[in-house]
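To keep things clear, I will list the structure first and then write my remarks on it.
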Amino acid sequence: MNLTERELITKASLLRGITLGELARQYELTVPSNTIKSKGWVGELLELALGATAGNRSVPDFESLGIELKTLPLTAQLQPKESTFVCSAPISNISASDWESSSVCKKLDKVLWVPFEADTSIDISLRRVGNIFLWSPSSQDIQILKRDWEEHMETIALGQIEEIDGRRGEYLQIRPKGYSSKDRTKTFDLDGAPLMSNPRGFYLRTLFTRKILEN
DNA sequence: TATTGATCATGC
DNA sequence: GCATGATCAATA
Numbered sequence: 548m549n550l551t552e553r554e555l556i557t558k559a560s561l562l563r564g565i566t567l568g569e570l571a572r573q574y575e576l577t578v579p580s581n582t583i584k585s586k587g588w589v590g591e592l593l594e595l596a597l598g599a600t601a602g603n604r605s606v607p608d609f610e611s612l613g614i615e616l617k618t619l620p621l622t623a624q625l626q627p628k629e630s631t632f633v634c635s636a637p638i639s640n641i642s643a644s645d646w647e648s649s650s651v652c653k654k655l656d657k658v659l660w661v662p663f664e665a666d667t668s669i670d671i672s673l674r675r676v677g678n679i680f681l682w683s684p685s686s687q688d689i690q691i692l693k694r695d696w697e698e699h700m701e702t703i704a705l706g707q708i709e710e711i712d713g714r715r716g717e718y719l720q721i722r723p724k725g726y727s728s729k730d731r732t733k734t735f736d737l738d739g740a741p742l743m744s745n746p747r748g749f750y751l752r753t754l755f756t757r758k759i760l761e762n
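Residues in the first sequence are numbered consecutively from 548, following our numbering.
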């Protein structure tokens with residue numbers, strides 16, 4: 548049942564132009580009337596359609612291929628509309644790690660991008676899937692991502708998590724990630740003393756996914 | 001109006 | 001609570 552990379556790409560290419568409504572019908576899913584209560588729906592639909600197997604385990608969507616699936620919502624101008632969540636930021640333990648062994652690096656090693664129409668004027672069931680493509684970061688991309696990651700991790704290691712905001716990082720930013728701003732998770736302050744803080748996640752800026760899309 | 005900060009759903 | 005999947009909405 549495990550597809551080869553080539554088979555996956557072929558399968559993905561067949562989805563070009565299909566509407567979310569058509570795809571949902573194939574899997575007997577109901578198209579949500581709005582995305583506010585169904586934020587992850589498109590991602591889950593594409594996981595089904597392409598046979599991703601990871602569920603909510605912390606492994607790539609296509610485990611045997613080491614490929615991560617990411618939907619990429621587009622504006623009416625076919626530009627990326629939103630930043631892309633990568634993974635949560637480790638703020639609770641100072642696990643001495645380097646870029647190569649980081650979750651961010653592993654997640655972005657191979658990504659199957661699924662661009663799709665996300666302009667709100669289009670009915671959800673009529674939004675079309677675009678040209679799905681397999682991508683890996685270029686060496687220049689990696690240089691910048693690695694630098695961003697190292698700067699964020701150093702700030703966290705110094706116990707300055709509260710200083711971090713979404714303005715930091717050229718390609719990779721850190722923003723809140725949780726159920727609400729009241730969410731708290733364990734971390735530490737600049738003296739190493741325990742502190743409760745808002746959970747955060749790593750996100751790719753739209754500036755970066757726009758560059759990806761252009762190539 | 002682009003970006004940062006806040007939020008929604010589900011499974012275990 | 002944290003992993004998965006993200007988009008909404010206030011504000012600069």
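Even for Gly, the Cβ is constructed at its ideal location relative to N, Cα and C.
Item, Value
"Own chain, CB closer than 6 angstroms to A665, minus 5 neighbours either side, in chain order", "P620, L621 and K628"
"Given 8 angstroms, three or more beta-carbon pairs between the segment 688–698 and the segment 581–589", "no"
"Extent of the continuous beta strand (DSSP E) run through E554", "First-last for E554: E552 to S560, but that is the alpha helix (DSSP H), not the beta strand (DSSP E)."
"Classification of K586 by the beta-carbon crowding that lies within 10 angstroms, buried from 16 upward", "exposed"
"Supposed close pair A651, L719 - CB separation, criterion 8 angstroms", "It is Val, not Ala, that sits at residue 651 in the sequence shown. With 8 angstroms as the limit, V651 and L719 qualify as a contact, their Cβ atoms being about 7 angstroms apart."
"Segment limits, alpha helix (DSSP H) that includes K617", "Looking at the DSSP string, K617 is not in any alpha helix (DSSP H); the run it does join, the beta strand (DSSP E), is E615 to L621."
"Rounded straight-line distance, which links the Cα of G613 to that of L751", "19 angstroms"
"Unbroken alpha helix (DSSP H) run spanning W588, endpoints", "W588 to L597"
"Cα-Cα separation between L595 and G748, rounded to whole angstroms", "25 angstroms"
"Element boundaries [alpha helix (DSSP H), containing E701]", "S686 to A704"
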